[in-house]
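Peer 1: Reminder that position 36 of the sequence shown reads as 36 in full-length UniProt numbering, one-by-one numbering, no gaps.
The structure's right below; bear with me while I get my questions together.
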Amino acid sequence: MLKVSDLRMRDVINVVDGRRLGYIKDIDVDLEKGRVKALILPGQSRFLGLFGRNDDIRIDWSKIKKIGVDVILVEIKDFTAPEPKEQEMG
């Protein structure tokens, strides 16, 4: 049996382009059915990590291809990192 804490220690890799997406930040669970719906990863860092992060990345459970000892392989064909939201200068 796999623990949530074990999942958080593994890199998430997109098998389509080999891109490292990061580590799991949170897990979306359907409590009524007792199933994992999605993995939540933190968004990409903005300029040198000084200005926070973009929106979180949600990966549906159906996109997970393999959970290995060190990595979780996902298949996201049309993945593009979320664009940063423009902030108004006040």
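Backbone N, C-alpha and C fix where the C-beta goes; we use that ideal spot for every residue, glycine too.
Since we're looking at a predicted model, the values are computed, not measured.
#1: Is the separation between the beta-carbon of aspartate 70 and that of aspartate 11 shorter than 8 Å?
#2: Going by the CB atoms, is the gap between leucine 41 and leucine 21 shorter than 8 Å?
#3: Grouping DSSP H, G and I as helix and E and B as strand, with all else coil, what is aspartate 6?
#4: Check whether the Cβ atoms of valine 16 and lysine 77 sit closer than 8 Å, and answer yes or no.
#5: Give me, in chain order, the residues of the same chain whose beta-carbon lies closer than 8 Å to that of aspartate 28; leave out the 5 immediate sequence neighbours on both sides.
#6: Could you tell me the boundaries of the beta strand (DSSP E) in which residue 92 lies?
#7: Alpha carbon to alpha carbon, how far is tyrosine 23 from methionine 9? Give it in angstroms, no decimals.
Peer 2: So, from the data block:
#1: yes
#2: yes
#3: helix
#4: yes
#5: Val36, Lys37, Ala38, Leu39, Ile40, Arg58.
#6: Residue coverage of the chain in this structure runs from 1 to 90, which leaves residue 92 outside it and unanswerable.
#7: In this structure, the straight-line span from the alpha carbon of methionine 9 to that of tyrosine 23 is close to 7 Å.
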